[in-house]
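S.K.:
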Ligand code: FES
Ligand code: FES
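Chains as they are written, first to last, in this note's numbering: chain A, 217 to 373; chain B, 56 to 853.
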């Protein structure tokens with residue numbers, strides 16, 4: 217398993233890193249310090265590891281890091297920070313959509329990809345887009361509301 | 056009651072960290088020179104270890120531990136029960152595997168890859184023993200013992216027929232009670248062994264220091280209990296064991312106990328002399344804990360006019376491979392079942408049996424969802440049989456205000472001093488349209504509609520007037536900083552429900568300062584006073600109570616020092632938040648011009664070298680009041696697919712004063728989501744042949760509800776009662792676990808209303824609904840056939 221030098225562009229920063237062929241993008245990112253990407257199952261079941269790669273949300277536990285070579289990757293920390301949160305992040309706080317918060321990074325990334333594609337999503341589109349992200353705390357109601365309100369916020373600007 | 060801060064919604068203090076990904080959970084802790092651990096787990100349900108060959112693993116540079124290398128002290132991971140009731144049956148690594156996934160060896164190495172390699176290099180020889188997945192088989196005469204003996208209060212107690220523990224409770228004389236009954240109802244209810252499915256798998260980081268002390272970052276609901284157990288197991292004095300509070304990715308009861316991976320991680324770190332991180336895989340986690348499966352046999356006697364005369368409850372609980380808290384479970388099963396009804400005579404017989412499956416532990420409600428499913432289903436059935444409105448029947452036999460509440464069982468009784476049940480039932484019935492519900496079993500056609508209700512509760516904590524069988528108290532340390540802000544140092548965990556936010560609010564309310572000025576300090580066991588554990592819906596009531604007690608002390612100091620500065624009597628002073636100054640302001644209402652901000656006062660104290668205003672207090676609450684919840688469910692069943700759609704859910708909550716309205720609603724909605732899962736879909740099945748999970752560790756096979764299964768927002772209606780709990784901080788009691796307890800029964804009762812069929816086994820899946828409908832059709836067809844035959848015979852006779 218010879219490592220190969222891979223270039224990962226994460227949140228606008230380029231990282232050159234030598235990775236074995238079986239390293240998942242999830243592990244590569246966390247090893248680089250992007251611990252905002254969460255690991256919930258490493259089997260594609262939960263969506264906690266969601267990041268956006270070239271505009272599409274993927275479960276980073278299912279993507280080999282080599283396949284992300286030279287691609288543009290966005291994690292939840294890349295959307296905004298405490299000083300200037302993204303409207304989705306702000307809405308998740310305002311509507312109590314994050315309880316334990318462990319599903320939140322992946323959930324927000326799925327929502328981000330959805331709103332990028334459909335700025336005014338229907339309820340059905342929202343349910344479908346978020347159906348790969350498990351949340352055990354909230355019962356999803358607050359999440360639903362947060363995404364709806366963020367959509368409104370983003371499009372009214 | 057008018058509050059400055061309570062009852063208002065504020066942004067969570069930890070919210071922004073969570074949404075931007077900067078919150079630190081155990082698996083995010085990275086330390087210099089840190090090694091990584093992996094655990095060797097048994098593929099067999101019951102097997103003795105003959106030998107473990109470590110040569111190849113060690114040659115890779117890994118440290119390796121087996122049973123021979125770890126302390127042999129038997130421990131129980133949940134030191135909430137007092138020693139006479141603490142059944143200790145496990146060691147850091149097991150001498151024999153008692154369930155698939157039991158940890159028997161562990162490795163640590165400088166990288167994760169190397170650790171994995173070393174793990175695979177371990178060669179282990181097993182002697183396979185007969186295993187039991189069913190408690191009935193485990194109890195059979197010649198069954199292989201799963202445990203020969205366990206440690207109880209310093210002595211080895213032999214285990215017979217794999218019965219971990221049995222308990223009987225008798226009140227009055229049940230035989231006499233049943234003699235007075237006009238009708239006797241008997242039913243058996245079976246619940247499922249579902250998985251907690253918390254998002255973060257159990258993890259631990261341990262950092263050993265050269266002076267023999269350790270710093271531990273675990274997933275846990277109790278940093279202090281984790282510390283004490285580690286100190287005991289590894290024989291380290293407690294001042295050298297520091298357990299840090301890190302954010303936790305959900306628990307739902309799965310981390311009340313010190314998780315079994317924590318001492319494994321500590322043992323590895325001590326041996327490797329490096330910090331070690333151990334993160335469970337999802338599959339490992341699924342083999343670590345499940346909700347207790349129970350079979351409850353209920354027998355209730357009633358008079359013709361609907362008065363309960365006696366009850367007999369028989370409980371059988373599946374413990375799994377280790378007894379975490381079965382003794383306490385039997386107590387609460389008795390308590391939860393008996394709590395809401397007046398039983399003049401009652402008998403409870405409970406038995407908890409070892410099997411070769413994943414150990415069972417508390418899961419949101421600890422036995423309460425199980426007991427409430429049974430009780431609220433049977434009382435609904437009795438009401439129907441007696442042709443009474445279930446609400447009327449329930450209230451007729453209800454304990455009510457001033458009554459003795461069984462709560463967590465015979466030794467944890469309390470008096471009901473606040474009761475929102477009648478109000479919640481009244482309001483809920485109105486909101487759902489109770490009176491207009493269909494008559495059970497009268498519908499035909501593909502889609503059938505039903506309405507059902509159930510009541511439930513959870514006690515706020517386990518601290519009753521008597522000392523009891525479990526430990527229950529909290530502590531808090533509060534100090535005023537030199538700018539008038541406040542540090543709250545509290546050991547309690549916040550699982551995400553907002554416990555610490557509520558504590559901050561209680562302190563802000565009492566001290567009269569803006570909420571922004573109250574900080575929750577990072578916590579560890581070196582700097583906090585003892586708190587037992589965040590469980591049993593005790594966070595706000597007990598944890599908040601301790602903080603309130605300390606705040607009252609600090610407030611006294613504030614007034615004493617302010618009286619010196621302002622030259623006014625201390626007793627004449629008040630403190631209130633001033634939102635322009637962003638400070639608490641102390642003044643005398645008669646001389647409002649003489650005032651000082653808390654910040655100026657604290658600074659003056661410092662300049663005068665008078666000292667710091669601070670207090671530390673411990674508090675044992677003594678009433679553990681029930682937090683009540685009522686559920687009304689309106690659903691539609693598709694009789695062709697068995698699919699159930701929730702049209703409306705009306706959830707009422709009596710949590711006393713509502714401290715955090717938005718978070719309280721969030722808890723109720725979360726409770727519904729988990730409740731629906733438990734009622735209709737979630738299951739964890741074991742292959743009896745292999746003793747393995749049939750899901751093989753795939754989470755979605757356990758059917759944790761996703762957003763696609765969640766009822767639509769606009770269909771969930773929550774409401775609160777106007778109650779004030781005299782024993783709680785500002786009249787507050789708990790909410791968390793109560794939120795889910797009655798859900799399954801409400802669904803079962805609504806299904807009865809729609810279909811005229813009673814379901815007594817969870818989950819009530821689409822398959823089970825179809826099967827029951829088919830059986831019903833066949834039965835009807837048979838009856839029709841018989842009638843036709845009879846008719847034909849009669850006609851022939853004519
Ligand atoms: S960690 Fe990737 S889907 Fe669960
Ligand atoms: S907030 Fe805890 S899992 Fe979603």
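Think of the CB as a built atom: it goes at the ideal place given N, C-alpha and C, for glycine as much as any other residue.
Less than 8 angstroms between C-beta atoms, sequence neighbours within five positions excluded: which residues of the same chain meet that for residue 394 of chain B?
M.R.: To locate residue 394 of chain B, count along the second chain from 1; it is residue 339. Around residue 394 of chain B: 454, 460, 461, 462, 512, 681.
S.K.: Could you tell me the distance, in whole angstroms, from the CA atom of residue 320 of chain A to the CA atom of residue 74 of chain B?
M.R.: For the purposes of this step, residue 320 of chain A is taken as residue 104 along the first chain, with counting starting at 1. For the purposes of this step, residue 74 of chain B is taken as residue 19 along the second chain, with counting starting at 1. The alpha-carbon atoms of residue 320 of chain A and residue 74 of chain B are separated by roughly 6 angstroms.
S.K.: Between which residues of its own chain and residue 219 of chain A is the CB-CB distance below 7 angstroms, once the five residues before and five after are set aside?
M.R.: Residue numbering aside, residue 219 of chain A sits at position 3 when the first chain is read from its first letter. If we look at residue 219 of chain A and ignore the five residues flanking it on each side, its Cβ neighbours are 234, 235, 236.
S.K.: Take every Cβ of the stretch 733 to 740 of chain B, pair it with every Cβ of the stretch 748 to 767 of chain B, and state whether three or more of those distances are shorter than 8 angstroms.
M.R.: In short, these stretches touch, since the Cβ pair count reaches three.
S.K.: Tell me the start and end of each unbroken alpha helix (DSSP H) in the stretch 291 to 365 of chain A that is at least 4 residues and wholly inside, in chain order.
M.R.: Whole alpha helix (DSSP H) segments, 4+ residues: 292 to 295, 303 to 310, 320 to 333, 339 to 346.
S.K.: Can a CB atom of chain A be found closer than 8 angstroms to the CB of residue 831 of chain B?
M.R.: Working through the second chain from its first residue, we reach residue 831 of chain B at position 776. Not closer than 8 angstroms to any Cβ of chain A, the Cβ of residue 831 of chain B fails to qualify, so no.
S.K.: With 7 angstroms as the limit, tell me which residues of the stretch 391 to 418 of chain B have their beta carbon closer than that to any beta carbon of chain A; keep them in chain order.
M.R.: Correct list: empty, as no residue qualifies.
S.K.: Quick check: does the Cβ of residue 281 of chain A come within less than 7 angstroms of any heavy atom belonging to ligand 4?
M.R.: Ligand 4 is not part of this structure, which contains only ligand 1 and ligand 2.
S.K.: Quick check: the stretch 750 to 770 of chain B against the stretch 475 to 487 of chain B, are at least 3 beta-carbon pairs closer than 8 angstroms?
M.R.: No: the two stretches stay apart, fewer than three of their Cβ pairs being nearer than 8 angstroms.
S.K.: Could you confirm whether any beta carbon from chain A is found closer than 8 angstroms to the beta carbon of residue 140 of chain B?
M.R.: Reading the second chain from its first residue, position 85 is the one you call residue 140 of chain B. Judged by the 8 angstroms Cβ criterion, residue 140 of chain B is not in contact with chain A.
S.K.: Do you know offhand how far residue 787 of chain B's Cα is from residue 520 of chain B's?
M.R.: Here residue 787 of chain B refers to the residue found at position 732 of the second chain. Here residue 520 of chain B refers to the residue found at position 465 of the second chain. Between residue 787 of chain B and residue 520 of chain B, the C-alpha separation is close to 18 angstroms.
S.K.: With DSSP as the reference, identify every bridge partner of residue 277 of chain A, one or two as the case may be.
M.R.: Indexing the first chain from 1 puts residue 277 of chain A at position 61. Looking at the DSSP assignment, residue 277 of chain A forms no beta bridge with any residue, so it has no partner.
S.K.: Since residue 556 of chain B meets chain A, which of its residues come closer than 9 angstroms, beta carbon to beta carbon?
M.R.: Residue 556 of chain B sits at position 501 when you count from the first residue of the second chain. By Cβ distance, chain A contributes nothing, its closest Cβ being about 10 angstroms from residue 556 of chain B, past 9 angstroms.
S.K.: Contact defined as beta carbons within less than 8 angstroms: I believe residue 162 of chain B pairs with residue 117 of chain B. What is the distance between those atoms, to the nearest angstrom?
M.R.: For the purposes of this step, residue 162 of chain B is taken as the residue at position 107 of the second chain. For the purposes of this step, residue 117 of chain B is taken as the residue at position 62 of the second chain. Rounded, the Cβ-Cβ distance is 5 angstroms, consistent with contact.
S.K.: Let me know the alpha helix (DSSP H) ranges lying completely inside the stretch 611 to 668 of chain B, each 4 residues or longer, listed in chain order.
M.R.: Runs found: 653 to 662.
S.K.: Leaving out five residues on either side along the sequence, give the residues of the same chain with a beta carbon under 8 angstroms from the beta carbon of residue 828 of chain B.
M.R.: To locate residue 828 of chain B, count along the second chain from 1; it is residue 773. Only 694, 697, 810, 812 meet the Cβ criterion.
S.K.: Please confirm if residue 303 of chain B has its CB atom under 8 angstroms from at least one CB of chain A.
M.R.: Residue numbering aside, residue 303 of chain B sits at position 248 when the second chain is read from its first letter. Chain A, which has a Cβ nearer than 8 angstroms to the Cβ of residue 303 of chain B, makes this yes.
S.K.: Given the structure, does residue 320 of chain B come close to ligand 2, in the sense that its CB is under 7 angstroms from one of the ligand's heavy atoms?
M.R.: Numbered from 1 along the second chain, position 265 holds the residue referred to as residue 320 of chain B. Not under cutoff, so the answer is no.
S.K.: Using DSSP with H/G/I as helix, E/B as strand and the rest coil, what is residue 233 of chain B?
M.R.: On the second chain, position 178 is the one that residue 233 of chain B refers to. Residue state, collapsed to three classes: helix.
S.K.: For a contact defined as C-beta to C-beta under 7 angstroms, what are the partners of residue 74 of chain B on chain A?
M.R.: Residue numbering aside, residue 74 of chain B sits at position 19 when the second chain is read from its first letter. What residue 74 of chain B touches in chain A: 301, 305, 308, 309, 314, 320, 324.
S.K.: Counting only Cβ-Cβ distances shorter than 7 angstroms, please list the residues of the stretch 241 to 255 of chain B near chain A, keeping chain order.
M.R.: Flagged, chain order: 252, 253, 254, 255.
S.K.: In this structure, does DSSP put residue 178 of chain B in helix, strand or coil?
M.R.: Taking the first residue of the second chain as position 1, residue 178 of chain B is located at position 123. Strand.
S.K.: Starting from residue 225 of chain A, trace the alpha helix (DSSP H) in both directions and tell me its first and last residue.
M.R.: Your numbering for residue 225 of chain A matches position 9 in the first chain. Element bounds for residue 225 of chain A: not the alpha helix (DSSP H) but the beta strand (DSSP E), 220 to 226.
S.K.: As an exercise, report each continuous alpha helix (DSSP H) stretch of at least 4 residues that is fully enclosed by the stretch 102 to 143 of chain B, in chain order.
M.R.: Whole alpha helix (DSSP H) segments, 4+ residues: 110 to 114.
S.K.: Three or more C-beta pairs under 8 angstroms: does that hold for the stretch 213 to 233 of chain B against the stretch 399 to 406 of chain B?
M.R.: In short, these stretches touch, since the Cβ pair count reaches three.
S.K.: For the stretch 73 to 101 of chain B, enumerate the residues whose C-beta is nearer than 8 angstroms to any C-beta of chain A, in chain order.
M.R.: Answer set for the stretch 73 to 101 of chain B: 73, 74, 75, 76, 77, 78, 79, 80, 82, 83, 85.
S.K.: Is there at least one Cβ from chain A nearer than 8 angstroms to residue 761 of chain B's Cβ?
M.R.: For the purposes of this step, residue 761 of chain B is taken as the residue at position 706 of the second chain. Yes, because at least one Cβ of chain A sits closer than 8 angstroms to the Cβ of residue 761 of chain B.
S.K.: Could you compute how far the alpha carbon of residue 95 of chain B sits from the alpha carbon of residue 177 of chain B?
M.R.: To locate residue 95 of chain B, count along the second chain from 1; it is residue 40. To locate residue 177 of chain B, count along the second chain from 1; it is residue 122. Using only the alpha carbons, I get a separation of about 8 angstroms.
S.K.: If you run the structure through DSSP and keep just helix, strand and coil, what is residue 760 of chain B?
M.R.: Residue mapping note: residue 760 of chain B aligns to position 705 of the second chain, counting from 1. Correct three-state label for residue 760 of chain B: coil.
S.K.: Alpha carbon to alpha carbon, what distance is there between residue 315 of chain A and residue 781 of chain B?
M.R.: Within the second chain, the letter at position 726 stands for residue 781 of chain B. Within the first chain, the letter at position 99 stands for residue 315 of chain A. Roughly 29 angstroms between the two C-alpha positions.
S.K.: Could you give the uninterrupted runs of the alpha helix (DSSP H) lying entirely in the stretch 218 to 263 of chain B, keeping only those of 4 residues or more?
M.R.: Complete alpha helix (DSSP H) runs here, min 4: 229 to 234.
S.K.: Is it right to say residue 202 of chain B is buried, meaning 16 or more other beta carbons lie within 10 angstroms of its own, or is it exposed?
M.R.: As a working note, residue 202 of chain B is residue 147 in the second chain. Flag for residue 202 of chain B reads buried.
S.K.: Name, going along the chain, the residues of the stretch 349 to 364 of chain A whose beta-carbon falls closer than 8 angstroms to a beta-carbon of chain B.
M.R.: Within the stretch 349 to 364 of chain A, the qualifying residues are 349, 350, 351, 352, 353, 354, 355, 356, 357, 358, 359, 360, 361.
S.K.: At a cut-off of 7 angstroms, is residue 325 of chain A close to ligand 2 when judged by its beta-carbon and the heavy atoms of the ligand?
M.R.: The sequence position of residue 325 of chain A within the first chain is 109, counting from 1. False, no ligand heavy atom lies under 7 angstroms from that Cβ.
S.K.: Roughly how many angstroms lie between the CA atoms of residue 128 of chain B and residue 155 of chain B, to the nearest whole one?
M.R.: Residue 128 of chain B sits at position 73 when you count from the first residue of the second chain. Residue 155 of chain B sits at position 100 when you count from the first residue of the second chain. Whole-angstrom Cα-Cα distance: 22 angstroms.
S.K.: Below 8 angstroms CB to CB, which residues in the same chain sit around residue 497 of chain B once its five sequence neighbours on both sides are set aside?
M.R.: Here residue 497 of chain B refers to the residue found at position 442 when the second chain is read from its first residue. These residues qualify, in order along the chain: 811.
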